[in-house]
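This report refers to the structure that appears directly beneath it.
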Amino acid sequence: MSMEVRAPQFPESISEGTVAIWHKQPGDQVHQDEPLVDIETEKVTIEVVAPVDGRVVEIMKVAGTIIGSGELIGLVEAGEVEEGAAQQHVRQVETVVEETANQEKPVESTDVEAQATKSVPLSPAVRKLAAELDVELDEICGSGREGRILRTDVIRAAETARSRSVPDSHERGTEIPLVGTQGDALPESGNEDQRSERRVPMSRLRASIARRLVEAQHNAAMLTTFNEVDMSEIIRLRDKYKHRFAESHQGIRLGFMSFFVSASVEALKRFPAVNASIDGSDIVYHGYYDIGVAVSTDAGLLVPLIRDADALGLAQIEEQIIEYSARARENKLTLEELTGGTFTISNGGVFGSLLSTPILNPPQTAILGMHKIQERAVVVDGEIVARPMMYLALSYDHRLIDGREAVRFLVTIKDMVEDPARLLLEI
145 MSMEVRAPQF PESISEGTVA IWHKQPGDQV HQDEPLVDIE TEKVTIEVVA PVDGRVVEIM
205 KVAGTIIGSG ELIGLVEAGE VEEGAAQQHV RQVETVVEET ANQEKPVEST DVEAQATKSV
265 PLSPAVRKLA AELDVELDEI CGSGREGRIL RTDVIRAAET ARSRSVPDSH ERGTEIPLVG
325 TQGDALPESG NEDQRSERRV PMSRLRASIA RRLVEAQHNA AMLTTFNEVD MSEIIRLRDK
385 YKHRFAESHQ GIRLGFMSFF VSASVEALKR FPAVNASIDG SDIVYHGYYD IGVAVSTDAG
445 LLVPLIRDAD ALGLAQIEEQ IIEYSARARE NKLTLEELTG GTFTISNGGV FGSLLSTPIL
505 NPPQTAILGM HKIQERAVVV DGEIVARPMM YLALSYDHRL IDGREAVRFL VTIKDMVEDP
565 ARLLLEI
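According to the working numbering, the sequence shown holds residues 145 to 571 in order.
And the structure:
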């Protein structure tokens with residue numbers, strides 16, 4: 145009996161996906177829950193597994209095909225799976241490696257790694273990009289599942305090769321001069337053919353980010369209000385209790401983000417419009433607090449959600465942030481963890497940003513931007529003192545949120561961060 149293999153059901157925010165790579169071909173045997181095909185969406189790569197033990201009968205949507213939610217992409221015939229040549233070969237390789245490891249003569253691992261890389265299937269997009277950038281795939285160690293080479297691996301390899309060929313005196317962002325056969329830069333004669341450039345296709349994630357950012361600016365009356373917060377009390381509190389905090393919570397470090405998430409939740413409770421969204425001519429007030437925390441990855445910016453943040457303590461929030469950051473870099477976040485959200489926090493300060501205007505994450509109506517902590521001269525009780533200060537920025541949709549509301553919301557966060565006891569007392 146043939147079993148249908150269908151694309152996953154995409155959430156409303158994702159309209160389509162692209163077949164990235166088939167791990168099995170027609171006639172190949174497959175075990176139940178074994179990876180069968182990868183589907184790339186504008187947010188994550190989804191792994192579709194085999195529904196039963198059996199054999200791949202037909203592939204209806206080849207790599208590179210754009211598919212819709214729940215669309216039929218292949219067939220698997222149910223049946224017993226026999227140990228084939230591939231499994232026997234794996235056993236033979238494992239035996240050889242085990243026997244070789246027991247010998248006194250050291251064995252070079254580069255050939256084994258290269259063969260392992262060759263055995264991992266490559267998507268057409270990766271092969272095309274490698275050819276365009278003149279990158280040898282055999283020399284790349286893939287960061288994907290089971291050592292699979294991803295587009296980001298190819299781009300990183302090309303940039304590494306490029307940086308090695310450029311002297312340190314070149315400034316970042318300048319073009320690389322063409323190099324002659326002896327390794328010397330060709331003389332500048334004003335000819336255009338001496339200027340180099342490279343063209344690479346946008347990834348689905350990057351294209352999605354670009355589209356959503358433009359939509360946010362076109363479809364919302366976006367405005368930004370600013371304030372600054374004195375971080376002295378939180379820094380003092382963190383320094384005093386960070387070791388005891390880690391001991392009490394299985395090594396979880398006490399960071400600043402958990403304080404801002406908690407402060408944002410309390411402010412959202414007082415200003416429901418900031419936690420709402422616009423749906424056509426309706427206003428949707430959310431009775432829950434799913435806070436998105438922006439995470440930067442090689443592929444682009446992802447915003448995983450801390451669900452029901454109002455019910456979590458500082459340690460639980462920090463634990464989720466650490467887990468999400470690690471899984472985002474490994475491309476292991478699920479659609480459910482990225483879909484929805486009522487409010488977003490973005491921390492550009494980790495990259496050194498002193499001030500910025502964050503862009504809304506539709507359909508949300510507000511986003512908080514954190515920035516670099518920097519000692520500045522401020523006036524306290526009539527005296528000029530140095531304090532660790534951070535600029536805060538709140539971008540909001542003026543169609544729903546008035547300026548007075550936005551300013552009071554941001555001041556509420558400022559007051560709670562400057563006096564953390566308010567978070568515990570909810571005052």
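Cβ atoms here follow ideal geometry from the backbone N, Cα and C, with glycine treated the same way. Just so it is clear, the structure is predicted and the values come from calculations on it, not from any experiment.
Buried/exposed call for residue i, threshold 16 Cβ in 10 Å
{"i": "E332", "result": "At E332, the pLDDT of 47 sits below 50, so the modelled position is not reliable; the number obtained from the coordinates is stated separately. Exposed, by the Cβ-count rule."}
{"i": "A438", "result": "buried"}
{"i": "V358", "result": "exposed"}
{"i": "R199", "result": "buried"}
{"i": "P170", "result": "exposed"}
{"i": "R316", "result": "Below a pLDDT of 50, predicted positions are generally treated as unreliable, and R316, at 38, falls in that range; the measurement from the model is reported next regardless. So R316 counts as exposed."}
{"i": "H387", "result": "exposed"}
{"i": "Q247", "result": "Bear in mind that the predicted position of Q247 carries a pLDDT of just 49, short of 50, making it unreliable; the figure below should be weighed with that in mind. Exposed is the call here."}
{"i": "L569", "result": "exposed"}
{"i": "V529", "result": "exposed"}
{"i": "G492", "result": "buried"}
{"i": "G218", "result": "buried"}
{"i": "A407", "result": "buried"}
{"i": "Y589", "result": "Only positions 145 to 571 of the chain appear in this structure, which leaves residue 589 out of reach."}
{"i": "S539", "result": "buried"}
{"i": "L498", "result": "exposed"}
{"i": "V524", "result": "exposed"}
{"i": "D182", "result": "buried"}
{"i": "G223", "result": "exposed"}
{"i": "G424", "result": "exposed"}
{"i": "G144", "result": "Here the chain covers residues 145 to 571 and nothing more, so residue 144 does not appear."}
Integer Cβ distance of residue i from residue j, believed to fall under 8 angstroms
{"i": "L445", "j": "I435", "result": "Between I435 and L445 the Cβ distance is about 16 angstroms, and since that is not below 8 angstroms, they are no contact."}
{"i": "I203", "j": "W166", "result": "6 angstroms"}
{"i": "Q176", "j": "V163", "result": "Contact flag wrong, Cβ pair sits at about 21 angstroms."}
Residue of the options minimising C-alpha distance to residue i
{"i": "M346", "options": "E463, L273, Q394, A364", "result": "L273"}
{"i": "T556", "options": "N491, E184, L512", "result": "L512"}
{"i": "F495", "options": "L477, I517, I503", "result": "I517"}
{"i": "P532", "options": "A453, R543, E519", "result": "E519"}
{"i": "A364", "options": "K413, L504, T478", "result": "L504"}
{"i": "G547", "options": "E226, L367, Y432, I217", "result": "L367"}
{"i": "G484", "options": "Y468, Y432, R380, S392", "result": "Y432"}
{"i": "A420", "options": "T189, R414, V428", "result": "V428"}
{"i": "E148", "options": "V220, D426, V405", "result": "V220"}
{"i": "E474", "options": "I190, A455, M145", "result": "I190"}
{"i": "S352", "options": "E562, V279, E184", "result": "E184"}
{"i": "E549", "options": "K384, T369, D426", "result": "T369"}
{"i": "R271", "options": "D383, H515, A207", "result": "A207"}
{"i": "T304", "options": "R566, V279, G286", "result": "V279"}
{"i": "G457", "options": "P506, S490, K476, V405", "result": "V405"}
{"i": "S490", "options": "M401, R339, V192, G223", "result": "M401"}
{"i": "D383", "options": "L398, V344, S392", "result": "L398"}
{"i": "M375", "options": "M514, E341, K476", "result": "M514"}
{"i": "R356", "options": "P506, K413, V192", "result": "P506"}
{"i": "A455", "options": "K413, K476, A470, L482", "result": "K413"}
{"i": "G161", "options": "S146, L544, T209", "result": "T209"}
Proximity of residue i and residue j at Cβ, strictly below 7 angstroms
{"i": "R300", "j": "G214", "result": "no"}
{"i": "E186", "j": "L349", "result": "yes"}
{"i": "V573", "j": "M560", "result": "Since the first and last residues shown for the chain are 145 and 571, residue 573 lies out of range."}
{"i": "K205", "j": "N371", "result": "no"}
{"i": "F403", "j": "I378", "result": "yes"}
{"i": "T486", "j": "H542", "result": "no"}
{"i": "T501", "j": "A537", "result": "yes"}
{"i": "T488", "j": "V447", "result": "yes"}
{"i": "V522", "j": "A453", "result": "no"}
{"i": "A302", "j": "L281", "result": "no"}
Neighbourhood of residue i by C-beta distance below 7 angstroms, restricted to the same chain and skipping five residues each side
{"i": "K168", "result": "V174, L180, V200"}
{"i": "S159", "result": "none"}
{"i": "A472", "result": "V439, T441, L446, P448"}
{"i": "L216", "result": "E148, R150, M204"}
{"i": "Q153", "result": "S213, G214"}
{"i": "I545", "result": "A417, V418, T509, A510"}
{"i": "E178", "result": "V193, A194"}
Nonlocal neighbours in the same chain, by C-beta distance under 8 angstroms from residue i, ignoring five residues either side
{"i": "I396", "result": "F389, A390, A459, E462, E463, I466"}
{"i": "P564", "result": "E377, I378, L381, F403"}
{"i": "R343", "result": "E276"}
{"i": "A360", "result": "M366, I503, L504, N505, P506"}
Contact set for residue i: own chain, Cβ-Cβ below 6 angstroms, skip 5 residues either direction
{"i": "H314", "result": "Confidence is the limiting factor: at H314 the pLDDT is only 39, short of 50, which leaves the residue's position unreliable, though a coordinate-based value still follows. So no residue of the chain qualifies."}
{"i": "F553", "result": "A411, F415, V418"}
{"i": "V551", "result": "T369"}
{"i": "R566", "result": "M560"}
{"i": "I284", "result": "I293, D297, A301"}
Heavy atom of the ligand SAM within 6 angstroms of residue i beta-carbon
{"i": "G493", "result": "Although the ligand SAM was asked about, the structure shown includes no ligands whatsoever."}
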